[in-house]
Amino acid sequence: MNYRWILLLLLSGIAILGLATFSSGPLLYSPEKDSSASAFHQNPAVFRQAAVTSANDIVPLMQDALDGQKPVVLDIRANGTATVERNLARYDTYCSDLQEKFAQYRLKGGEFSPFLTGVEDQRQVLHELVRQSEAFSGLQAAAARTGGDRDATATIASQTLAWQEKEKILLTRYLGNSSAITRISSKIGLDTRSYEQARDGIQGMLKDLETAREIPPLNMTANGSSRITLLIEPGAAQYGDTVQIYGIITPAQENQSVRLFLDNTPFTTVSTDSTGNYYVRFMVERIEKGAHTVSATTGSLVSPQQALVVRMSGTTTTLNAEPGYRNYTETGAYCDGTVMAGQPVRNAPVTLLAEGNPAMTVMTAENGTYRAFLPLSGGSHSITAEFSADSYPLNPSFSPPVSLVVPATPIRLVDLLIVAAFFFLVIGGVLFWLIRHPPGTAVPEPDLGDDINGLLSDSVPAPLPGHGDLPPEIGTLYTRYQAILNKEGLSEATRRAYLDLAARIALHLRLPAYRTLTARELSSACASRSYSGIFDIFVDSYERIRYGGSTKQQDKTGFEQELKAADTETGRKQA
Amino acid sequence: MKITSWIALAVLIGASLVLFLHLATTGEDFSRYNAGWTGTSAFFATLDRHTTDDIRSPADLGRYTGTTLLVIAPDHPFAAGEGSAYRDFIARGNTLFLADDFGTGPALLRAMGSTIVLRQENLSSLDRAFSDPYIVVSYPSADAWPLQVGSPLLLNEAGTLEGGEPLLESTTFSWEDTMPDRQLGSNESLGRYTVMAREKIGNGTLIVLSDPSVFINGMEDPGYGNAAFRAEIAGHGPVLVDVYSSRVGREDATGAFIHFLRSNTAYTLIAAALLMAAVLIAWQRRIL
């Protein structure tokens, strides 16, 4: 299609589009893409993809943070039950969810801040109270076990007094937050009935403490001598049990450092409170089975030794294994499993055996799980996991064997694709080169830059009379044209005349490959030259005769006039 | 450059100019000539032109009864005498619907002697549409025109109201963002805030909505009950549009010129004819 038609079509389309005044709104406008700001409003369209937030996300969490306290308080009032840890853990989850949501929505002020601060403080108080409750229960059990021992009686009396004072402080701290929490909750429409029952429970505990009969401290140092006592509870334990250690130093001395020994080996240090009491708890983990001794020292004082019997526990080891690869080439099996002794066995070694032979050792995590890649050769294997740690009070255990088949070579689809892509590129490249340079036909383009004057040699003629500023060959194109016209006709004569002129222009433009250009392209290429307009018109005439087949006298005369003009203009000295 | 290139360039520029004139829109917020998201062209396009009239001066109000006057986003300083004109207009049995947040609505209310106070603080809420606390969901607290029972209304950077009979309120999880940081600050407090209230004055009613942005094109149908709310107001004819004090009749200089051109059929035809003539001449002279 003629480019003029395309241009006309394009311009008409633009004009019609511009005049399309029938549309009520602006075309090509999209609010979603309008990022302009306004002092008066936000563009809702740009928010469509954002998450919608609502009080519905917050209110249930706040309600949970209120309601979750009641079961914990009831457990504490009942001096600790089996469910207290579970209820407390659930309450921790409620509080952490609420904190996370507040942070997500950046709710830092107003009523939200004191609500969250108060609830968080009450959560910490509940944790302290649960711990107090456990310690107090242990102390009572120790008292029952030791009978009328004077050291035990004095320790129990002193610790009980200290804990009662501490508990009063905790309960008062809890109640200090409750009024603000209740007020805020009521304001935003939360149901506070359950929370108020929890608060009443705490108030009841405080009242019980304040009306309890005061226990008189027992004087252990009637003769003025200094002493350190030690109680442990329980006296016998197994893996995972918590052992609590209580004691008192007389005369009372605050922040006195007390070192505790297990089988005469120091394992922890604790400080005394203002009344000389000390308390610590530890979990039975890496302690060998059998009878052990626990003792405490401070300065030159040494407590009587207490016996701790550690009993063996059974364990269960599980194993899952799947064949796989590592680092693309290494074959083996991905293994994971658990070691449990009623509860997770943590930081303990597990040996993986292949065909009964130890292959590697991994350590369990805090939750008793382990995970490892076991390198194996290709073929069938039987894998077993073994827990066997002599330094633990735990019986060894083996997992059921897992049979699997490991593929010999890790050939993957991606590898095949990479190889295929490589060959595709190489073969494609070769084919492309062959298409561009067919064998036997690849004749290099002649370098006309140096020989272009030779192209004009055929048209070197005598100087044009009356045009002394022109080179001698100028003004002769018409003569050559006439000669060819008589011999080969109009069409061929115009072609040869065009080629003569094109060769001259190519010399000006330094275009060795000018024969690859159409007449129109050559005309565009010389647009910056002074003769471009004349040459453009010359090309029009040339195309009408040569390609339009015109033999009209008018066209022939026009062509000859434009040939003469172009001959003269292109012959002038070029910049 | 050849003469053909110059002419082709001129034709292209001419066509582009025409296209620009068509595509261009005024950038004035709340303008009914603004077809962008900040304008109100979509809302005003729904008004029945047979029952809608412009008010260009408070003096024009004297000849109407039983109508609803829309004063959307006013920014004109009101004198006491003008306030009396609006008050008398209501007392004759008309309804004045004032929608404003940070404009001169408070001055108009004072000039009319209304008991409703417009507080120019950013209403924020946890009950929000999208992720912006200034795009607040509010709920009807009374069954009254133009609200739909139980249908919430979405507000966009609204103020709050005091006084009058509350018709529309935010939820309890809302606050005035006095420190405009889009967060609930330590000195900011949660509470329900009135965003639409009404007051009987004589035989008529004054209704105040603390957010004119419900009428912008960007809030045409963001969900909730906004589309129905706008339709209810648009269909409550006869409607008077206050272009004396309100931003809805406002245009910037470019917008006014373009509006003048586009609203005049003769100029449009002349432009079209000139352009087509230029194309035909270029074609005839074989320069295209």
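The listed protein sequences correspond, in order, to chains S and A.
Note that our numbering has the first sequence beginning at 6, numbered continuously upward.
Note that our numbering has the second sequence beginning at 6, numbered continuously upward.
Beta carbons: idealized from backbone N, C-alpha and C, even for Gly.
Simplified DSSP assignment, three categories, for residue i
i               : result
M201 of chain A : strand
L460 of chain S : Because the pLDDT at L460 of chain S is just 45, under 50, the model does not fix this residue reliably, and the point stays unresolved.
W180 of chain A : strand
A242 of chain S : strand
E290 of chain S : coil
H132 of chain S : helix
A84 of chain A  : coil
M317 of chain S : coil
P380 of chain S : strand
C531 of chain S : coil
N400 of chain S : coil
Y96 of chain S  : helix
N39 of chain A  : coil
R61 of chain A  : coil
S276 of chain S : strand
I140 of chain A : strand
D106 of chain A : coil
H386 of chain S : strand
Straight-line gap, residue i to residue j (C-alpha atoms, nearest Å)
i               : j               : result
M224 of chain A : G164 of chain A : 17 Å
L280 of chain A : G19 of chain A  : 7 Å
V263 of chain S : Q310 of chain S : 14 Å
D126 of chain S : N182 of chain S : 8 Å
R128 of chain S : Y200 of chain S : 13 Å
G494 of chain S : W288 of chain A : 34 Å
L568 of chain S : F543 of chain S : 7 Å
L75 of chain A  : L103 of chain A : 6 Å
A167 of chain S : T277 of chain S : 11 Å
G209 of chain A : G228 of chain A : 31 Å
F107 of chain A : A78 of chain A  : 8 Å
A257 of chain S : Q109 of chain S : 49 Å
L306 of chain S : E238 of chain S : 22 Å
Q137 of chain S : I250 of chain S : 13 Å
L93 of chain S  : L381 of chain S : 46 Å
D213 of chain S : Q169 of chain S : 10 Å
H55 of chain A  : T73 of chain A  : 14 Å
A390 of chain S : Q261 of chain S : 47 Å
I423 of chain S : A370 of chain S : 39 Å
G245 of chain S : T302 of chain S : 26 Å
Exposure label - residue i; buried when at least 16 CB within 10 Å
i               : result
W42 of chain A  : buried
W11 of chain A  : exposed
F120 of chain S : buried
E172 of chain S : buried
I174 of chain S : exposed
K557 of chain S : exposed
I238 of chain A : buried
N332 of chain S : exposed
Chain B within 8 Å of residue i, Cβ atoms only
i              : result
F49 of chain A : The displayed structure is made up of protein chains S and A, and chain B is not among them.
Extent of the continuous alpha helix (DSSP H) run through residue i
i               : result
A2 of chain S   : With chain S covering 6 to 580 only, the question about residue 2 of chain S has no answer from this structure.
G576 of chain S : 558-576
Q2 of chain S   : Residue 2 of chain S lies beyond the range of chain S shown here (6 to 580); nothing can be said about it.
G206 of chain S : 198-216
L113 of chain A : 110-117
D395 of chain S : No alpha helix (DSSP H) holds D395 of chain S; DSSP gives it neither H nor E.
R485 of chain S : 482-493
I539 of chain S : 537-551
Boundaries of the beta strand (DSSP E) in which residue i is found, first to last residue
i               : result
I253 of chain S : 247-255
R351 of chain S : Per DSSP, R351 of chain S belongs to no beta strand (DSSP E) and is neither H nor E.
G329 of chain S : 325-331
G337 of chain S : 335-345
D34 of chain A  : D34 of chain A -> no beta strand (DSSP E), and no H or E assigned at all.
A296 of chain S : 295-303
E174 of chain A : 170-175
8 Å contact criterion, which residue i and residue j should meet: CB distance rounded
i               : j               : result
V248 of chain A : I60 of chain A  : 7 Å
E174 of chain A : T199 of chain A : 5 Å
R286 of chain S : T247 of chain S : 5 Å
F403 of chain S : T322 of chain S : 6 Å
P398 of chain S : V315 of chain S : 5 Å
G206 of chain S : L71 of chain S  : Between L71 of chain S and G206 of chain S the Cβ distance is about 14 Å, and since that is not below 8 Å, they are no contact.
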